[in-house]
Structure formats: C-alpha cells, structure tokens
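What follows is one structure encoded as structure tokens, with my remarks underneath.
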Amino acid sequence: MSRDDAAFEKMLSDLPVTTYRAGETIMSDGSKTGRLFVLKSGEVAVVKNSVELARVDQPGAVFGELAALLDQPHGADVRALQDSAFHVADGTLLAKEPVLLAAVARILARRFVIVNDSLVALKNEIQTGTSPSGVRNVIAKMETQMMATQILIPF
C-alpha cells in the first residue's frame with residue numbers, strides 16, 4: 074500500500090459512517106447534499122431518468138464528487154440495492170484534505186481520458202459507417218471503464 078493509500082484509509086477511518094437499507098435513496102438527481110459518499114459495504118444502483126447506469130459494490134467507490142467539488146446538484150439517483158454503509162464527508166473537506174482532493178482528482182482525470190478516447194472511437198465508428206452495434210460496443214466499453222475508475226484504493 075502506498076503512502077497516499079495509507080493516508081486516505083486513515084482519513085476514511087476518521088469519517089462518520091452512515092447506513093442505508095435496501096431500497097433507500099442515498100442521493101437524488103437534482104438534490105444538493107453537499108456531501109461525498111465513499112462506499113464501505115453493500116451495493117447501489119446509479120439511475121438517471123429511470124435508466125440504470127450502473128450497479129456498484131466495490132468498497133472505495135465514490136459518489137457525489139462532482140456535486141461536492143462544483144457545489145452543484147447531484148446528477149443521478151443513487152439507491153441502495155442491499156443494506157449499504159458509506160463513509161460520509163462534507164464537501165468542504167475537499168478543500169481541507171489534500172489526500173481526498175488528490176484521490177478525487179485521479180478519478181476525474183481517469184474518467185476524462187476514458188470519455189476522450191471513447192469520443193474519438195465513436196467518431197471513427199460514425200465516419201466509417203459502422204453499424205449501430207459497433208457504436209453500442211464502444212459505449213459498452215466506455216461504461217465498463219468508467220465503473221472501473223470508481224475505485225480509489227484497494228481494501
């Protein structure tokens with residue numbers, strides 16, 4: 074474990090833990106909680122406009138980072154699929170904790186690379202006249218890669 078990982082794990086252990094029962098909503102699209110959630114245990118669904126975008130069960134997955142970082146409403150619903158526990162941080166902690174800010178920055182940078190690469194791949198598929206299944210494959214690959222970037226540190 075790197076020094077950054079150890080510092081992050083220590084910081085997490087100092088945060089309060091909130092639990093949600095299966096079926097409960099952790100955050101709602103359009104709501105503004107000002108909080109960052111780090112999955113400790115359980116499984117959640119990320120839903121936008123009634124479409125399930127992802128199921129996440131990896132400890133260390135982060136939710137609410139964009140809303141906390143940009144002080145804006147959440148962009149999707151996150152619902153507990155099973156009883157789930159989260160380390161919860163006030164969004165202002167990002168400004169005070171360089172370890173947390175660096176971890177969130179790494180996640181966002183990885184996502185940016187994935188989106189950029191996927192955009193290039195989609196443009197190539199469209200320009201070459203590939204079938205819709207080729208476009209769907211690019212999108213599916215992007216979704217898989219995006220979910221893999223949720224992990225901050227190995228637990």
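Take 74 as the starting number for the sequence shown in the working numbering and just add one per residue. C-beta atoms are modelled at their ideal positions from N, C-alpha and C, and glycine is treated no differently.
Neighbourhood of residue i by C-beta, 7 Å cutoff - its chain only, sequence neighbours within 5 removed
i: R108; result: G137, A141, V161, A162, D163, G164
i: G146; result: The residue asked about is misnamed: residue 146 is Pro in this sequence, not Gly. Within the same chain, P146 has close Cβ partners G103, S104, K105, A140.
i: L85; result: V111, H160
Beta-carbon proximity check, residue i vs residue j, cutoff 8 Å
i: E116; j: L154; result: yes
i: K113; j: V90; result: yes
i: V186; j: A149; result: no
i: A194; j: D156; result: no
i: E198; j: V208; result: yes
i: T92; j: A158; result: yes
Close Cβ partners of residue i (< 6 Å) along its chain, the five nearest in sequence each way excluded
i: A118; result: E125, R128, R152, L154
According to DSSP, residues forming a beta bridge with residue i
i: K214; result: According to DSSP, K214 bridges with nothing at all.
i: K229; result: Examination of residue 229 is not possible in this model, given that the chain is present from 74 through 228 alone.
i: M100; result: V151
i: S157; result: Y93
i: F110; result: F136, V161
i: V129; result: V117
Inside the segment 160-202 only - alpha helix (DSSP H) runs reaching at least 4 residues: Unbroken alpha helix (DSSP H) runs of no fewer than 4 residues, entirely contained in the segment 160-202, are found at 166-169, 171-200, following chain order.
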